[in-house]
Each structure stands twice: as C-alpha cells, then as structure tokens.
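Visitor:
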Amino acid sequence: MAKIVPLLAILLMLLHLIRPLGLPGLKRRRDFWKIAILMIAAVLFAAVLRD
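Here the numbering used here runs 497 ahead of the position in the sequence shown, where the first position is 1.
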C-alpha cells in the first residue's frame with residue numbers, strides 16, 4: 498500500500514498535465530504541483546498516526 502500511493506500521485510500529476518481534472522484549485526495545467534503537496538501532507542499525516 499505504501500508503494501502504491503507515490504505511484505498514484507505521479508499518475509494523477511501526469512493525468513492532470515494532459516487534461517486538467519477540473520477540481521477546485523486544479524483548473525489549470527500548471528496546478529499539478531498542488532497534487533504533490535497534498536500527497537506529501539498525506540504521507541506525513543500517516544507517519545504521525547503510525548508512531
């Protein structure tokens with residue numbers, strides 16, 4: 498499971514570069530970095546909960 502999350506993040510970022518997802522805050526192609534920030538926050542949150 499831990500290895501699939503980064504793969505999913507990369508897939509979402511590539512998909513967003515090809516065609517913007519249209520979600521609030523993700524309207525333009527150049528907003529793909531926000532997905533990376535969200536995934537980093539999710540990994541940190543999971544690490545805090547695990548300890």
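Glycine included, each C-beta is placed from N, C-alpha and C at the ideal position.
So, are the CB atoms of residue 517 and residue 526 less than 7 Å apart?
Guide: Yes, the pair counts as a contact, with Cβ atoms nearer than the cut-off.
Visitor: Identify, in the order they occur along the chain, each residue of the same chain with its Cβ nearer than 7 Å to the Cβ of residue 506, setting aside the five sequence neighbours on each side.
Guide: Excluding five sequence positions before and after residue 506, the CB atoms of its chain that fall closer than 7 Å to its own CB belong to 532, 533, 536, given in chain order.
Visitor: My assumption, with CB atoms under 8 Å, is that residue 502 sits in contact with residue 545. Please give the rounded CB distance.
Guide: Not quite, the Cβ-Cβ distance comes to about 15 Å (not below 8 Å), so this is no contact.
Visitor: Please identify the residue among 548, 530, 542 whose C-alpha is closest to the C-alpha of residue 511.
Guide: 530
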